[in-house]
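For reference, the structure discussed in these notes is given below.
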Amino acid sequence: GQNIDQPTEMTATEGAIVQINCTYQTSGFNGLFWYQQHAGEAPTFLSYNVLDGLEEKGRFSSFLSRSKGYSYLLLKELQMKDSASYLCAVRRFTGGGNKLTFGTGTQLKVEL
Amino acid sequence: ETGVTQTPRHLVMGMTNKKSLKCEQHLGHNAMYWYKQSAKKPLELMFVYSLEERVENNSVPSRFSPECPNSSHLFLHLHTLQPEDSALYLCASSQDWTGELFFGEGSRLTVL
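If you read the sequences in order, they're chains A and B.
Mapped onto this note's numbering, the consecutive letters of the first sequence carry residue numbers -8 to 103.
Mapped onto this note's numbering, the consecutive letters of the second sequence carry residue numbers 28 to 139.
Structural data, given as structure tokens:
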């Protein structure tokens, strides 16, 4: 089975940096995704890591350590529009193919 | 046109009703998914279709019946639902059933 943990809620200040952590336990690990979901909207893809290290994409970066079962999403220069739920999802290889499992999401609130 | 469109966006039904949710993707993808999103719970995978063939069925009750007539369309037929089935139902597509997911806006279902 799988276990994915991420904080339920976080609050940060506009212009600051925030790090959202995700820990997981799985067999057959085959990649980790981060999605952003604004209230009432569809989740949208942010980043993908399959090898250890940091992937940077503008204000957003994602880090993966496979040996520790750990990832984080780093958001810099926070803006009010970054208030959303951030979903960590782990893909694992099963006998029949790949399967993607989501965490419960971290609700980020950006304040002035 | 947006990539993945779902109709209706909101649906209220009684426990004895029969209704259907529709999803259409305009991205040329060959895999489509139904996910259920309930408050405080992770996204739950319900069904996966790859090349119009069902490849995953996550122990979903038979009152939910999927249909994939072609690679662009996916339906979820609903019959004699329970109040606990009230949730946001998200459709997604991907290039193959291992790739990045593109989500629709969701259909908010309320069962009375």
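We put the CB at the ideal spot given by N, CA and C, even for glycine.
Given the structure is predicted, the values throughout are model-derived calculations rather than measurements.
Would you mind telling me which residues of chain A sit closer than 8 Å to residue i, beta carbon to beta carbon, in chain order?
i, result
"B:K68", "T95"
If you measure between the beta carbons of residue i and residue j, is that distance less than 8 Å?
i, j, result
"B:G131", "B:C118", "yes"
"B:P93", "A:F93", "no"
"A:V101", "A:D73", "yes"
"A:E5", "A:Q70", "yes"
"A:Q28", "A:S76", "yes"
"B:S120", "B:L78", "no"
"A:G44", "A:R83", "no"
"B:S99", "B:E51", "yes"
"A:A3", "A:L99", "yes"
"B:L140", "B:Y76", "Any property of residue 140 of chain B remains undetermined from this structure, which presents chain B solely from 28 to 139."
Looking only at DSSP bridge pairs, what is residue i linked to?
i, result
"A:I11", "A:L64"
"B:M59", "B:Y76, B:S120"
"A:R83", "A:F20, A:K90"
"A:E102", "A:T4"
"B:P93", "B:L103"
"A:N40", "A:L23"
"A:N(-6)", "A:Q16"
"B:H37", "B:R135"
In chain A, which residues lie with their C-beta within 9 Å of the C-beta of residue i?
i, result
"B:L117", "A33, P34"
**Q.** Residues from the region 121 to 134 of chain B in contact with chain A, defined by Cβ distance under 8 Å
**A.** W124, T125, E127, L128, F129, F130, G131, E132, G133
Q. Counting pairs of beta carbons, one from the region 29 to 40 of chain B and one from the region 8 to 26 of chain A, are three or more of them closer than 8 Å?
A. no
Q.
Short of 9 Å Cβ to Cβ, which residues in the region 31 to 56 of chain A face chain B?
A. From the region 31 to 56 of chain A, only G31, E32, A33, P34, T35, F36, Y39 have a Cβ closer than 9 Å to chain B.
Q | Residues, ordered as in the chain, of the region 11 to 23 of chain A that lie near chain B by beta-carbon distance below 7 Å | A | Per Cβ criterion, the list is empty.
(Q) Any C-beta of chain B within less than 9 Å: which residues of the region 56 to 79 of chain A qualify? (A) L78
Q: Give a yes or no on contact between the region 36 to 50 of chain B and the region 38 to 55 of chain A, applying the rule of three or more CB pairs nearer than 8 Å.
A: no
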